[in-house]
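Participant: This is the structure I want to talk about, given as structure tokens.
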Amino acid sequence: MTKQPFNKDNQRANDLLEIIPTDLCEPFSQEARGGYRHKSEAFEKFKEFQNEVQNQLDRKIKFLRTTMGYYFYSPSENKVFVARNGEFLEDKFLSLENTRNDVDLKEVEEETTLPIVEPVTQQDHVETQPEMVEEVQTQDLHRSTRSVKVWLSKCFQMKDLGEAAYILGIKIYWNTSRWLIGLSQSTYIDKILKRFRMDESKKGFIPMQHAIVLSKAECPVSIQDQDKMKSIPYASAIESIMYAMLCTRPDVAYSVSVTSRYQQNLCEAHWVAVKNILKYLRRTKEMILVFGGSEDEISVTGYIDASFQTDTDDFRSQSGYVFTLNGGAISWKSSKQDTIADFTTEAEYIAASGVAKEAIWLKNFISDLRVVASFSRAVDIYCDNSGAVAQAKEPREHRKSRHVLGKYHLIREIIGRKYVRICKILTKENVVDLLTKPLARVKHEVHANSVGMQYLNTSS
29 MTKQPFNKDN QRANDLLEII PTDLCEPFSQ EARGGYRHKS EAFEKFKEFQ NEVQNQLDRK
89 IKFLRTTMGY YFYSPSENKV FVARNGEFLE DKFLSLENTR NDVDLKEVEE ETTLPIVEPV
149 TQQDHVETQP EMVEEVQTQD LHRSTRSVKV WLSKCFQMKD LGEAAYILGI KIYWNTSRWL
209 IGLSQSTYID KILKRFRMDE SKKGFIPMQH AIVLSKAECP VSIQDQDKMK SIPYASAIES
269 IMYAMLCTRP DVAYSVSVTS RYQQNLCEAH WVAVKNILKY LRRTKEMILV FGGSEDEISV
329 TGYIDASFQT DTDDFRSQSG YVFTLNGGAI SWKSSKQDTI ADFTTEAEYI AASGVAKEAI
389 WLKNFISDLR VVASFSRAVD IYCDNSGAVA QAKEPREHRK SRHVLGKYHL IREIIGRKYV
449 RICKILTKEN VVDLLTKPLA RVKHEVHANS VGMQYLNTSS
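Basically the numbering used here = 1-based index in the sequence shown + 28.
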């Protein structure tokens, strides 16, 4: 396969499958055989095509010639063939059934239950018949944790520390009986509270007060006032809180997004808002981000929302989204939009366009992990704005929507290819309100719990 053009000569095939032109191109809206659209999947499909040609037409695109011994597994007969000094010729070859398993040959080769084959050289070459070894269990083909550790120890200097307890300062909780796993940063939060002398402060109930509106108009103007505020570790505090927010605390994403805009020139009100986040973290430091709780199949669900022109300085809207995997948040973001929206539907539509691209990335990422057999279904994205949902699903040009920038219409193509599915949800049930606006305590706690934020005693 090549990007170079075919030779413009009169060469023609004289027999069936004598010449097989191939090419690669970008994804089509129509699926190919097996539901594939991308060129990265071409090699696997080519190998299947090769097997079909050999099995059905008795024609070979290429053949293997080797004098090295090898193992082959036949799932239909539950047997392992051991070829000692085997040589595969054009007129004599072993026809193997494709098990469609990524661990077919290499796994059988590495299993310690197989007989040891003495190494041979080309001088000792004698063509022999394959031997069959009976009673090899099929479950032994799956790579075990022990075999993975053995393989890694051969490649790297490593030490087995047992079951993971901490990673990057994040404590991992396990509850195998309830199919739960939790992530906590309570130790890290204690450190930043001591660092900024907030470990003895009062405990806050919400990360940002509902009635507080921060603005650049409050920033100091005189040089003396600006120098006075430079002694405050504002940027350092924002950076420390942001690490917790990115890892395990989506409940403070909105407050971090708002307060981080005033690092260059801040006032006392901005610093009070940051300390209020630290007070909230002090009260909720024992909360953990929980995943699982059921044996249901892996599913990803997205929620989007936008607060219309919440920034009083440039009148831009606030976008927010969160994706949950079996009840726990795995991807979230709260940020100010890049452009000014003229109306609420436009703000929601702009937010939906960015979320659709994130949904495709998550879909491909989970598929590449190969923890499930297939993840081909569309990702559900919930939006509480009927106009934005209608524009994304059934686009119609009218006086308002015709002014939306063309790049935001990408969501229409994504929905058309059935990568995502956008659905309507009630405003009171949209959990992403947590990332777009300050909420009252009760509503804040309900939405935080809906994205997997729980206290340790309620999840153990």
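In this text, a Cβ means the ideal position worked out from N, Cα and C, and glycines have one as well. Model, not experiment: these values are computed from the prediction.
Please identify the residue among Asp408, Asp279 and Lys313 whose C-alpha is closest to the C-alpha of Ser362.
Facilitator: Residue Asp279 is the option with its Cα nearest to Ser362.
Participant: Quick one: Cα of Val108 to Cα of Ser175, how far?
Facilitator: Its pLDDT being 49, under 50, Val108 is placed unreliably by the model, and the measurement read from it follows with that caveat. Using only the alpha carbons, I get a separation of about 19 Å.
Participant: For the structure I just gave you, are there three or more beta carbon pairs, one from the stretch 256-273 and one from the stretch 299-308, closer than 8 Å?
Facilitator: The stretch 256-273 is in contact with the stretch 299-308.
Participant: Where Leu467 and Gly232 are concerned, what is the direct C-alpha to C-alpha distance, given to the nearest angstrom?
Facilitator: Their backbone Cα atoms lie some 13 Å apart in a straight line.
Participant: Tell me the residue span of the beta strand (DSSP E) that contains Gln482.
Facilitator: Run containing Gln482: Met481 to Tyr483, per the beta strand (DSSP E) assignment.
Participant: Counting along the chain, where does the beta strand (DSSP E) carrying Asn203 start and finish?
Facilitator: Ile198 to Asn203 is the span of the beta strand (DSSP E), which, as asked, contains Asn203.
Participant: Considering only residues of the same chain and omitting the five flanking positions on each side of Glu246, which have a CB-CB separation below 8 Å?
Facilitator: Cys295, Ala297 and His298, listed in sequence order.
Participant: Could you tell me whether the stretch 192-202 touches the stretch 213-221, using the rule of 3 or more Cβ pairs below 8 Å?
Facilitator: Output reads yes: the stretch 213-221 touches the stretch 192-202.
Participant: How should Thr340 be labelled, buried or exposed, when 16 other C-beta atoms within 10 angstroms of its C-beta is the threshold for buried?
Facilitator: Its Cβ having fewer than 16 others within 10 Å, Thr340 is exposed.
Participant: Ignoring anything shorter than 4 residues or poking outside the stretch 345-400, list the alpha helix (DSSP H) runs there in chain order.
Facilitator: Counting only runs of 4 or more, we get 372-397.
Participant: Report back the beta-carbon spacing between Ala380 and Ala406 to the nearest angstrom; my notes put them in contact at under 8 Å.
Facilitator: About 14 Å separates the two Cβ atoms, so there is no contact after all.
Participant: Give the DSSP-derived three-state secondary structure of Ser250 in the structure shown.
Facilitator: Ser250 falls in the coil class under three-state DSSP.
Participant: Assuming Met315 is part of the beta strand (DSSP E), what are its boundary residues?
Facilitator: Looking at the DSSP string, the run of the beta strand (DSSP E) that includes Met315 is Met315 to Gly320.
Participant: Check each candidate in Asn203, Ser268 and Lys391 and name the one with the smallest Cα separation from Ile220.
Facilitator: With distances taken between Cα atoms, Ile220 lies closest to Ser268.
Participant: Any idea what DSSP makes of Thr338, helix, strand or coil?
Facilitator: Looking at Thr338 - three-state DSSP - the assignment turns out to be coil, as it is neither helix nor strand.
Participant: Is it true that the CB of Ala375 sits closer than 7 Å to the CB of Val479?
Facilitator: Cβ atoms of Val479 and Ala375: not closer than 7 Å.
Participant: With three or more C-beta pairs closer than 8 Å as the rule, is the stretch 447-467 touching the stretch 335-350?
Facilitator: These segments touch.
Participant: Can you have a look at Glu191 and say buried or exposed, based on whether 16 or more other CB atoms are within 10 angstroms of its CB?
Facilitator: Flag for Glu191 reads exposed.
Participant: Looking at the structure shown, is Leu463 part of a helix, part of a strand, or coil, going by DSSP?
Facilitator: Reduced to three states, the DSSP call for Leu463 is helix.
Participant: Alpha carbon to alpha carbon, how far is Gly321 from Met481? Give it in angstroms, no decimals.
Facilitator: Looking at the two C-alpha atoms, the distance is approximately 13 Å.
Participant: Which residues in the same chain as Tyr331 place their Cβ atom closer than 7 Å to its Cβ, once the five residues preceding and following it in sequence are excluded?
Facilitator: The residues are Tyr349, Val350, Tyr410, Asn458, Val459 and Val460.
Participant: For Ala384 versus Ile326, is the C-beta spacing smaller than 7 Å?
Facilitator: Taking 7 Å as the Cβ cut-off, Ala384 and Ile326 do not qualify as a contacting pair.
Participant: Taking DSSP as the reference, what is the three-state secondary structure of Ile220?
Facilitator: Helix, per DSSP.
Participant: Report the rounded CA-to-CA distance for Gly382 versus Tyr436, giving the unit in angstroms.
Facilitator: Computed Cα separation, rounded: 8 Å.
Participant: Can you tell me whether Val318 is buried or exposed? The criterion is at least 16 other CB atoms within 10 Å of its CB, across all chains shown.
Facilitator: Classification for Val318: buried.
Participant: With DSSP run on the structure shown, which of helix, strand or coil describes Val328?
Facilitator: Val328 falls in the strand class under three-state DSSP.
Participant: When we look at the beta-carbon of Ser335 and count the other beta-carbons within 10 Å, is it buried (16 or more) or exposed?
Facilitator: Buried, because 16 or more other Cβ atoms sit within 10 Å of the Cβ of Ser335.
Participant: Please go through the same chain and pick out, in chain order, the residues whose beta-carbon is closer than 6 Å to the beta-carbon of Val470, but skip the five residues on each side of it.
Facilitator: Same-chain partners within the cutoff: there are none.
Participant: The beta strand (DSSP E) spanning Arg206 covers which residue range?
Facilitator: Per DSSP, Arg206 belongs to no beta strand (DSSP E) and is neither H nor E.
Participant: Go through its chain and collect everything with a Cβ distance to Lys391's Cβ below 6 Å, but skip five positions before and after it.
Facilitator: The answer, listed in chain order, is Val407.
Participant: Within a Cβ cutoff of 6 Å, which residues of the same chain sit near Asp412, ignoring the five residues on either side of it in sequence?
Facilitator: Taken in chain order, the residues that qualify are Ile453, Thr455 and Asn458.
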